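Enquirer:
Chains as they are written, first to last, in my numbering: chain A, 763 to 876; chain B, 833 to 946.
As structure tokens, then:
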């Protein structure tokens with residue numbers, strides 16, 4: 763079945779530490795890939811996106827993600843997290859077959875340890 | 833430029849009552865989407881408008897949900913009568929076109945049905 767999997771429900775890292783959030787998708791062809799973030803009381807904000815080309819994409823707030831076709835993965839990374847990065851992060855895809863639907867993963871809640 | 837705005841931010845109603853959620857998309861965006869996140873689950877697509885027409889309503893859970901977008905501007909999502917399982921966060925998003933489908937989200941309406 764077509765799906766987006768975020769295996770980590772909740773992650774806690776220390777401020778200044780590196781971060782990697784995992785995302786795997788299951789689709790026949792490479793879909794469009796996104797990471798969104800939702801901070802408390804805020805809407806979903808687009809962090810970065812991958813359509814084609816360079817497999818390492820840069821986003822806002824110092825985040826980057828790497829698309830690996832062989833692993834059907836699109837993991838999000840940040841070299842040094844800040845307390846303000848505490849939020850919920852969603853991996854998402856738009857299949858080629860869909861002109862409208864975004865398919866979201868279940869989200870990973872990130873907590874920052876002072 | 834104003835983003836996607838949703839009203840109210842939080843609604844608490846009793847089972848059997850009616851609730852109407854409103855979404856104002858970004859000005860000039862023809863595409864408007866509704867999504868829902870029920871407790872502990874992933875964010876799921878409900879429907880997609882192109883201007884005032886429903887392009888895809890495959891995610892609407894049942895006929896207690898009615899979405900409208902008269903005049904192709906703001907949209908409403910009415911739940912009548914509300915059931916306990918309707919509780920969750922309802923997100924609205926808009927996009928300018930369908931190419932690569934970058935959707936901009938509002939902060940959501942948290943609906944609590946008691």
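Each residue gets a CB set at the ideal place from its N, CA and C atoms; glycine is no exception.
Model, not experiment: these values are computed from the prediction.
Round the Cβ separation of residue 946 of chain B and residue 882 of chain B to the nearest angstrom and send it over; I've been treating them as touching at under 8 Å.
Expert: That belief does not hold up - the Cβ atoms of residue 946 of chain B and residue 882 of chain B are roughly 36 Å apart, past 8 Å.
Enquirer: When you compare the CB of residue 781 of chain A with every CB in chain B, is at least one pair closer than 7 Å?
Expert: Between residue 781 of chain A and chain B, the shortest Cβ-Cβ separation is not below 7 Å.
Enquirer: Is the beta carbon of residue 927 of chain B sitting closer than 7 Å to the one on residue 935 of chain B?
Expert: Contact: yes.
Enquirer: Does the beta carbon of residue 858 of chain B come closer than 7 Å to any beta carbon on chain A?
Expert: no
Enquirer: Is the beta carbon of residue 870 of chain B closer than 7 Å to that of residue 911 of chain B?
Expert: no
Enquirer: At a CB distance below 9 Å, what residues from the stretch 856-872 of chain A approach chain E? Give them in sequence order.
Expert: As a matter of chain content, chain E is missing from the structure shown, whose protein chains are A and B.
Enquirer: How big is the Cα-Cα spacing for residue 806 of chain A and residue 856 of chain B?
Expert: In a straight line, the C-alpha of residue 806 of chain A is about 15 Å away from that of residue 856 of chain B.
Enquirer: Beta carbons nearer than 7 Å to chain A: which residues of the stretch 904-929 of chain B have them?
Expert: 923
Enquirer: Going by beta-carbon coordinates alone, are residue 865 of chain B and residue 880 of chain B separated by less than 7 Å?
Expert: yes
Enquirer: Closer than 6 Å by C-beta to residue 913 of chain B: which residues in its own chain qualify, once you throw out the five before and the five after it? Chain order, please.
Expert: 848
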